[in-house]
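Data block below; observations after.
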Amino acid sequence: MIQEFQIQNFFSIRESQTLSFLPTNDDKMRSQYLYEVAEGVELLKIGIVYGSNASGKTTLLDALSFFRRTMLDKPENKNMEMGTFLFFWIITAARSTSCYRC
Numbered sequence: 013m014i015q016e017f018q019i020q021n022f023f024s025i026r027e028s029q030t031l032s033f034l035p036t037n038d039d040k041m042r043s044q045y046l047y048e049v050a051e052g053v054e055l056l057k058i059g060i061v062y063g064s065n066a067s068g069k070t071t072l073l074d075a076l077s078f079f080r081r082t083m084l085d086k087p088e089n090k091n092m093e094m095g096t097f098l099f100f101w102i103i104t105a106a107r108s109t110s111c112y113r114c
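First residue of the sequence shown? That's 13 in the numbering used here, and the numbers climb one at a time after it.
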């Protein structure tokens with residue numbers, strides 16, 4: 013399971029964005045929405061991504077999908093380049109690499 017997923021400089025997302033499954037201190041209905049992944053470690057069972065039109069919701073999900081494929085798919089060639097997906101609105105971002113943290 014993923015505790016947090018952070019992305020930066022990926023297509024339309026330039027600044028760092030984080031999708032977190034870490035719970036708050038709210039005790040209301042805690043057993044309904046938390047899952048214990050290890051002793052003393054609880055994570056949210058579900059995450060909701062919302063925002064206005066063109067705010068990066070689909071891009072965040074695309075980044076998560078790309079990260080998943082990168083971790084699970086065996087490369088055809090061990091020397092094959094993975095490629096980058098740079099923020100495309102500002103030219104200076106092309107000098108930076110995309111960043112994924114999980």
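Note that CB positions come from ideal geometry on N, CA and C, so glycine has one too.
Buried/exposed call for residue i, threshold 16 Cβ in 10 Å
i   : result
Q84 : According to the sequence displayed, residue 84 carries Leu and not Gln. Exposed is the call here.
G52 : exposed
G63 : exposed
L72 : buried
Counterpart residues of residue i in DSSP-defined beta bridges
i   : result
Q29 : I19
Best match in the options for proximity to residue i [C-alpha to C-alpha]
i   : options          : result
R26 : E88, S43 and S67 : S67
Notebook entry, point to check: Contact between the segment 68–78 and the segment 13–28: three or more CB pairs below 8 Å?
Noted result: yes
Checklist line | Segment contact flag, the segment 50–63 with the segment 26–34, C-beta cutoff 8 Å, min 3 pairs | finding: yes
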